[in-house]
Amino acid sequence: MAPLPFNIQSFEHYLGEDKLMGGKCNACGMVVVPPRPICADCGGIDLEWVPLTGKGELMAYTNIAVVPPAMAAEGYGRNNPYCSGVVGLEEGCHVVARIVGIDASDPESLSIGMPLTATILKSEVDGIAKVRLGFEPS
Ligand SMILES: [Zn+2]
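Going by our numbering, the sequence shown opens with residue 6, and the numbers climb by one from there.
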């Protein structure tokens, strides 16, 4: 069977099956999350899906109180901010994801370098199921 194409849709498809998968370049070994059809490092197109450990650490973050409509629909806003972070994965790549299990209204509850573990966030807005990658403190 041909592998799923290396894109965000396939990445989210795997998340829906409770699998955290990245695209690994067989030419240079770089792992990219979410995957792209062409290696960002060497331009290679010989890619394969690899399972990720889901372990990483917080590299940067921002707490967001003025939220886009999709997040407002999930109940976030001025009185209930959420956190978006850059997570450095064990596999050596970076991914932008929601940080959960912390108090986004209290920046002191987060620190650069804190260990995080991937979690799969499932929600339903207006009858449409959504699945996203998130991270929570290990
Ligand atoms: Zn490569």
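Backbone N, C-alpha and C fix where the C-beta goes; we use that ideal spot for every residue, glycine too.
Quick caveat: nothing in here was measured; it's all calculated off a predicted structure.
Residues in the same chain with beta-carbon distance under 6 Å from residue i, minus the five sequence neighbours each way, listed in chain order, please.
i       : result
Val-101 : Val-91
Pro-120 : Glu-62 and Ser-143
Gly-139 : Ala-102, Arg-103, Val-105, Thr-124 and Leu-126
Can you find a heavy atom of ligand 1 that lies under 8 Å from the Cβ of residue i?
i       : result
Met-76  : no
Ala-109 : no
Met-35  : yes
Cys-44  : yes
Cys-30  : yes
Gly-48  : yes
Tell me the DSSP bridge mates of residue i?
i       : result
Met-26  : Pro-56
Ala-7   : None; Ala-7 has no bridge partner.
Ala-32  : In DSSP, Ala-32 forms no bridge with anything.
Leu-20  : In DSSP, Leu-20 forms no bridge with anything.
Gly-139 : Arg-103 and Thr-124
Considering only residues of the same chain and omitting the five flanking positions on each side of residue i, which have a CB-CB separation below 7 Å?
i      : result
Ile-13 : Pro-39
Ile-43 : Ile-50
Please confirm whether residue i has its beta-carbon closer than 9 Å to some beta-carbon of chain C.
i      : result
Asn-31 : You won't find chain C in this structure, because it holds only one protein chain.
Relative to the C-alpha of residue i, which residue among the options is closest?
i       : options                              : result
Tyr-1   : Cys-30, Cys-44 and Pro-86            : The question about residue 1 has no answer here: the residues shown for the chain are numbered 6 through 143.
Trp-54  : Cys-33, Ser-128, Gly-21 and Phe-11   : Phe-11
Met-64  : Ser-110, Thr-58, Arg-137 and Ser-116 : Ser-116
Gly-35  : Cys-47, Ile-69, Leu-25 and Lys-24    : It should be noted that the sequence gives Met, not Gly, for residue 35. It is Cys-47 whose Cα lies nearest to the Cα of Met-35.
Tyr-81  : Lys-24, Pro-8, Val-130 and Asn-31    : Val-130
Glu-113 : Pro-56, Asn-31 and Cys-88            : Cys-88
Cys-33  : Ala-109, Leu-52, Arg-41 and Gly-132  : Leu-52
Arg-137 : Leu-9, Asn-31, Val-37 and Glu-17     : Glu-17
Pro-56  : Glu-22, Pro-74 and Met-76            : Glu-22
Lys-24  : Cys-30, Ala-45, Arg-41 and Gly-59    : Gly-59
Cys-98  : Asn-68, Gly-118, Ser-15 and Gly-27   : Gly-27
If I measure Cβ to Cβ from residue i and keep anything under 8 Å in the same chain, skipping five residues before and after, which residues do I get?
i      : result
Asn-31 : Gly-49, Asp-51, Leu-52 and Glu-53
Would you list, in sequence order, the uninterrupted beta strand (DSSP E) runs of no fewer than 3 residues that lie entirely inside the stretch 39-121? DSSP runs (the beta strand (DSSP E)) wholly in the stretch 39-121: 52-56, 60-69, 87-94 and 99-104.
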